[in-house]
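Numbering (my numbering), first residue to last: 6 to 124.
Following this line, the structure appears as structure tokens:
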């Protein structure tokens with residue numbers, strides 16, 4: 006912006022063809038610098054490596070998918086855990102019942118043996 010203001014000032018004070026020629030030369034040089042910078046910026050070989058951004062985008066998509074999966078699977082996993090805990094309790098109760106039955110059988114055997122011993 007400052008160079009444009011200087012250009013306006015130079016044009017206002019230019020009084021000879023040489024002054025105008027010098028301003029034109031300055032403008033052409035400035036245009037050449039801008040063109041060279043634009044070409045450098047637009048050169049396909051000079052583009053930034055977007056691999057990290059692509060990787061980040063992919064990982065964000067994976068995280069979003071994980072959240073959605075967790076929302077879907079979470080309640081089922083909770084139910085499965087509760088069922089597993091109930092099955093474990095039932096297994097414990099079953100083991101206790103079997104132990105009691107074994108005890109009852111042992112007592113019955115003792116009674117049979119005792120009855121046979123008396124008779």
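Where a beta carbon is used, it is the ideal one built from N, C-alpha and C, also for glycine. Just so you know, these numbers come straight off a predicted model, no measurement behind them.
Test item: CB-CB of residue i and residue j under 8 Å
{"i": "residue 25", "j": "residue 34", "result": "no"}
{"i": "residue 28", "j": "residue 43", "result": "no"}
C-alpha gap between residue i and residue j, whole angstroms
{"i": "residue 22", "j": "residue 41", "result": "28 Å"}
{"i": "residue 7", "j": "residue 53", "result": "Model confidence at residue 7 stands at a pLDDT of 48, short of 50, so the residue's coordinates are unreliable; what they give is reported in the following sentence. Between residue 7 and residue 53, the C-alpha separation is close to 30 Å."}
{"i": "residue 103", "j": "residue 90", "result": "20 Å"}
{"i": "residue 56", "j": "residue 74", "result": "26 Å"}
{"i": "residue 78", "j": "residue 84", "result": "10 Å"}
{"i": "residue 109", "j": "residue 115", "result": "10 Å"}
{"i": "residue 59", "j": "residue 100", "result": "57 Å"}
{"i": "residue 117", "j": "residue 105", "result": "18 Å"}
{"i": "residue 62", "j": "residue 68", "result": "10 Å"}
{"i": "residue 96", "j": "residue 107", "result": "16 Å"}
{"i": "residue 88", "j": "residue 112", "result": "36 Å"}
Endpoints, the alpha helix (DSSP H) within which residue i is located
{"i": "residue 45", "result": "22-47"}
{"i": "residue 96", "result": "56-123"}
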